[in-house]
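The opening position of the sequence shown corresponds to residue 4 in our numbering, with each subsequent residue numbered one higher.
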Amino acid sequence: MRSREPQASSPERRRRATYLRGLGAERLALLALMLKGYRPLARRFAAAGGEVDLVMRRGSVVAFVEVKARPTLDEAFSAIDARKRRAFSRAVRAWLTRHPGAVALTLRADAVFVAPGRWPRHVVSAFEIETL
């Protein structure tokens with residue numbers, strides 16, 4: 004007799020699918036940025052109630068990268084709202100307190116937008132990092 008595993012509910016399945024889609028988008032964004040000469044410093048850095056998907060460095064630039072996967076690139080771009088930017092900025096400030104040497108470098112908030120069937124779109128200085 005086979006034991007029955009509890010079936011995940013529909014909302015749980017959707018959350019899991021969304022999570023996995025996000026991880027795939029982050030891997031694709033990481034690859035795209037590495038092909039452009041960026042070196043990863045951190046992935047999925049979370050602190051102070053916010054998260055930075057990728058922290059990348061190229062030369063004297065540290066790019067804090069928000070990755071958004073949506074059905075279209077326009078939808079991905081509009082998904083970074085004011086609340087998201089505030090939480091992102093809090094996480095950036097927390098990362099900088101742990102890496103004080105980075106403050107002397109050029110700091111940017113970049114974005115990588117991912118849509119099905121398209122190569123990721125990297126937007127340099129997509130928004131401002133909010134300061135205190």
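Cβ atoms here follow ideal geometry from the backbone N, Cα and C, with glycine treated the same way.
With a threshold of 6 Å on Cβ separation, who are the neighbours of residue i within its own chain once the five nearest residues in sequence on each side are excluded?
i      : result
Val126 : Ala114
Tyr137 : Past the edges of the chain, shown from 4 to 135, lies residue 137, and the structure says nothing about it.
Ser92  : Ile132, Glu133
Ala128 : One detail in the question is off: residue 128 reads as Ser in this sequence, not Ala. These residues qualify, in order along the chain: Arg111.
Glu29  : Asp56, Val70
Leu36  : Met59
Ala32  : Val70, Val115, Pro123
Arg88  : Phe130
Assign residue i to buried or exposed, taking buried as 16 or more other Cβ atoms, counted over all protein chains shown, within 10 Å of its Cβ.
i     : result
Asp56 : buried
Lys71 : buried
Val68 : buried
Ala66 : buried
Gly53 : buried
Can you tell me where the beta strand (DSSP E) holding residue i begins and where it ends?
i      : result
Asp113 : 109-117
Lys71  : 64-72
Please list, in chain order, all residues of the same chain as residue i whose beta carbon is under 8 Å from its beta carbon, the five residues on each side excluded.
i     : result
Arg24 : Ala72
Asp84 : none
Using the DSSP secondary-structure output, state which residues sit across from residue i in a beta bridge.
i      : result
Arg42  : Arg60
Ala50  : Gly53
Val126 : Ala114
Among the residues of its own chain, which have a CB less than 7 Å from the CB of residue i, if the five just before and after it don't count?
i      : result
Ala118 : Arg73, Pro74, Thr75, Leu76, Ala79
Val106 : Leu99
Grab the span of the alpha helix (DSSP H) containing residue i for me, first residue to last.
i      : result
Ala105 : Neither: Ala105 is in no alpha helix (DSSP H) and is coded neither H nor E.
Asp77  : 76-81
Could you say if the segment 90-101 and the segment 41-61 meet the contact criterion of at least three C-beta pairs nearer than 8 Å? yes
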